[in-house]
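This report concerns only the one structure given below.
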Amino acid sequence: MLYAYEMSLLKSSNCIEESSSGGSGASGGRVARRRLRMREALLQAGARQFSARGIDTVSVEDLLEEADVSRATFYDIFPNKNKLLKDIINPVLKKATQSVKELEQLPAELALNSLFKVYLDLWLEHKDGLMLIPLVDASAFEYFQDQHDVLNQALMSVLMKAEKNNLLRNGSANYSLRILARTAIPLLKVYDGHPSRDELFLDGMKALLVRLG
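All residue numbers for the sequence shown refer to this note's numbering, where the first residue is 121 and numbers rise by one.
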């Protein structure tokens with residue numbers, strides 16, 4: 121009888137511990153999901169406000185108001201505004217790098233023409249993040265320079281193949297990379313909202329970079 125009683129107590133204790141552990145796990149899951157939602161709200165607010173108003177003019181208070189989170193929550197997720205900027209831009213750069221690397225196995229002419237389509241696709245999916253890249257100053261650039269350099273290497277790989285095949289209007293992969301970096305995003309911004317945006321952008325980039333005939 122004593123053994124049976126002890127076993128009964130042990131089972132009851134185990135049930136209580138399992139219930140407590142399950143409750144704690146559920147609570148922890150809710151906290152994690154809530155934190156993820158707040159992080160996403162801050163990323164969206166940052167992308168919208170930075171691209172519309174400029175990075176320096178947007179304060180943390182502006183982001184808190186739009187995302188509806190507290191100051192303590194912001195600094196618990198992001199140590200500073202530049203870290204938020206990094207987490208907005210880096211995914212765009214990684215997506216761009218992946219897309220450009222997929223072109224490396226294509227014939228040179230097809231890869232070059234497809235390169236402009238990569239920018240167009242990024243604009244459709246990550247317009248706010250893409251618009252931020254030309255706005256970043258030197259102090260913030262260090263936060264995503266590594267990923268930016270990886271993207272440039274991928275771009276150069278495609279452009280060097282085009283140079284070797286005499287496809288570039290200026291004959292130089294280096295000059296073409298500079299033109300691409302300085303004109304692609306501004307040109308997308310100019311044509312945004314135009315009914316023929318896609319064709320105008322693609323034609324414009326080809327006119328700048330692709331050798332005629």
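C-beta atoms are modelled at their ideal positions from N, C-alpha and C, and glycine is treated no differently.
Pick from the options that is closest to residue i, judged by C-alpha positions
i, options, result
"Arg289", "Asn202, Lys326, Leu250", "Lys326"
"Ser191", "Lys215, Gln218, Met158, Lys214", "The sequence shown places Arg at residue 191, not Ser. Residue Met158 is the option with its Cα nearest to Arg191."
"Thr193", "Ile208, Ala161, Leu205", "Ala161"
"Ala216", "Ser316, His268, Val151", "His268"
"Leu163", "Gly149, Thr177, Glu186, Ser147", "Glu186"
"Leu242", "Val256, Arg154, Asp312", "Asp312"
"Gly333", "Val256, Lys247, Glu229", "Glu229"
"Asp257", "Gln225, Gly149, Leu156, Thr177", "Thr177"
"His246", "Asp182, Lys214, Gly149, Val270", "Lys214"
"Glu222", "Leu156, Ser277, Pro315", "Ser277"
"Lys237", "Ser147, Gly149, Gly324, Gly148", "Gly324"
"Leu156", "Ser147, Glu181, Leu184, Ile197", "Ile197"
Nearest-angstrom Cβ-Cβ length linking residue i and residue j, presumed shorter than 8 Å
i, j, result
"Val212", "Gly249", "4 Å"
"Phe264", "Asn210", "5 Å"
"Asp188", "Leu240", "With 8 Å as the limit, Asp188 and Leu240 do not qualify as a contact, their Cβ atoms being about 33 Å apart."
"Leu328", "Ile299", "6 Å"
"Leu220", "Ala274", "For clarity, residue 220 is Val in the given sequence; the question names Leu instead. Correct: roughly 4 Å between the Cβ atoms."
"Arg331", "Asn286", "7 Å"
"Ala260", "Leu308", "Not a contact, Cβ separation roughly 21 Å."
"Leu279", "Leu297", "6 Å"
"Ile208", "Leu252", "6 Å"
Segment limits, alpha helix (DSSP H) that includes residue i
i, result
"Gln267", "265–284"
"Gly324", "317–329"
"Ile305", "293–311"
Quiz prompt | Whole runs of the alpha helix (DSSP H) within the region 164–244, excluding any shorter than 4 residues | solution = 180–187, 191–197, 201–221
Quiz item: Does the region 224–243 come close enough to the region 169–186 to have 3 or more Cβ pairs within less than 8 Å?
Solution: no
Quiz item: Do the region 193–202 and the region 289–302 touch if we need at least three Cβ pairs shorter than 8 Å?
Solution: no
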